[in-house]
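Input: a single structure, listed below in structure tokens.
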Amino acid sequence: MSVTPFQQRVYDAVSLIPVGQVATYRGVADQIGCGSPRAVGQALKRNPFAPKVPCHRVISADLTLGGFQGDIEGPAVRRKVRLLESEGVSFREGRLAEPYRVYKFGRK
DNA sequence: AGTCGCCACGAAG
DNA sequence: CTTCGTGGCGACT
Numbered sequence: 001m002s003v004t005p006f007q008q009r010v011y012d013a014v015s016l017i018p019v020g021q022v023a024t025y026r027g028v029a030d031q032i033g034c035g036s037p038r039a040v041g042q043a044l045k046r047n048p049f050a051p052k053v054p055c056h057r058v059i060s061a062d063l064t065l066g067g068f069q070g071d072i073e074g075p076a077v078r079r080k081v082r083l084l085e086s087e088g089v090s091f092r093e094g095r096l097a098e099p100y101r102v103y104k105f106g107r108k
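So, in structure tokens, the structure goes:
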């Protein structure tokens, strides 16, 4: 499987997200030094390390769900929410209920 | 090799 | 709500 260095960075950063917390595409992008969260989204969509990387812990910057397994909505997203709630992250009406659960990557 | 279009976003209008 | 900007990648030429 061909994995570009950029994607490697993305997966590595996502792997750093602790259980019970979530990160935003923007946060990941900023952390790896990329100004385009969309690139991160693409990388996760193409995520060759599906179970290895907790892509379900990555949400949109405005605390909406974002997508999962290639869909921005549908059963996959439903599963994503359930997983997050399983880890202690609550969602309400498709949005993160507790914003303080957003992980800040070292926050510097 | 270069070029085009697409994307699970974000900020601005 | 809609539109533009941005960065990177797959597919086509």
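By the numbering used here, the letter at position 71 of the first sequence is numbered 71, and the numbering carries on one by one without gaps. Ideal placement from N, C-alpha and C gives every residue a C-beta, glycine not left out.
{"Asked": "Buried versus exposed, by CB contacts within 10 Å (16 or more), I17", "Found": "buried"}
{"Asked": "Residues near P48 in its chain [Cβ-Cβ closer than 7 angstroms; skip 5 each side]", "Found": "M1, V3"}
{"Asked": "Start and end residues, alpha helix (DSSP H) containing D12", "Found": "5-15"}
{"Asked": "Contact set for P5: own chain, Cβ-Cβ below 7 angstroms, skip 5 residues either direction", "Found": "none"}
{"Asked": "Short Cβ contact (9 angstroms threshold) for V77 with V28", "Found": "no"}
{"Asked": "Distance CB(A13)-CB(P37) smaller than 9 angstroms", "Found": "no"}
{"Asked": "Terminal residues of the alpha helix (DSSP H) in which I32 lies", "Found": "25-32"}
{"Asked": "Opposing strand residues paired with L63 [DSSP bridges]", "Found": "L63 pairs with nothing; no bridge assigned."}
{"Asked": "Contacting residues, own chain, Cβ-Cβ under 7 angstroms from E85 (five flanking each side not counted)", "Found": "F91"}
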